[in-house]
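All residue numbers for the sequence shown refer to our numbering, where the first residue is 6 and numbers rise by one. Where is the CB? At the ideal position from N, CA and C, for every residue including glycine. First comes the structure, then the notes that go with it.
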Amino acid sequence: VQRAPNVQVYSRHPAENGKPNFLNCYVSGFHPPQIDIELLKNGVKIENVEQSDLSFNKDWSFYLLVHTEFTPNNKNEYSCRVKHVTLKEPMTVKWDRDY
């Protein structure tokens, strides 16, 4: 059974311009476990992000957390791009600072 991922993008702390923070992309509910998750800054992949170990829920769907340090401001746009067998094309979810 294949399941499409749910994607949530949020900062660890309330966003303040110029104040260091962590950008999180939490991807859950997907199956099979092969998945590609990228954090983007202005559409460009951010290198050296951290990724949690692949974990699964009781229903055997999987979840992962990808995160990186970042300093929010009004100039840059951040997002998370996910590629999975259930998606015809990559899913990109923008970070909303008010989320």
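Checklist entry - In the DSSP assignment, what are the bridge partners of Lys-50? => result Paired residue(s): Leu-45.
Next on the checklist: In whole angstroms, give me the CA-to-CA distance for Asn-11 and Tyr-31.
Outcome noted: Their Cα atoms are separated by approximately 8 angstroms.
Checklist entry - What residue ranges within the segment 73 to 97 form continuous beta strand (DSSP E) runs of no fewer than 3 residues, ordered along the chain? => result Taking 3 residues as the minimum length, the beta strand (DSSP E) runs contained wholly in the segment 73 to 97 are 83 to 88, in order along the chain.
Next on the checklist: When you compare the segment 11 to 20 with the segment 47 to 59, are there three or more beta-carbon pairs, one atom per stretch, that lie closer than 8 angstroms?
Outcome noted: Touching, no.
Next on the checklist: Here's a check: name, in chain order, each residue in its chain whose Cβ is nearer than 6 angstroms to the Cβ of Ala-9, leaving out the five neighbours to either side.
Outcome noted: Cβ contact annotation for Ala-9 (same chain, cutoff 6 angstroms, sequence separation greater than five): Thr-91, in chain order.
Checklist entry - Of all the options Lys-99, Glu-94 and Tyr-68, which has the alpha carbon lying nearest to the alpha carbon of His-36? => result The shortest Cα separation from His-36 among Lys-99, Glu-94 and Tyr-68 belongs to Tyr-68.
Checklist entry - Does the distance from the CB of Leu-70 to the CB of Asn-29 come in under 8 angstroms? => result The criterion of a C-beta distance shorter than 8 angstroms is satisfied by Leu-70 and Asn-29.
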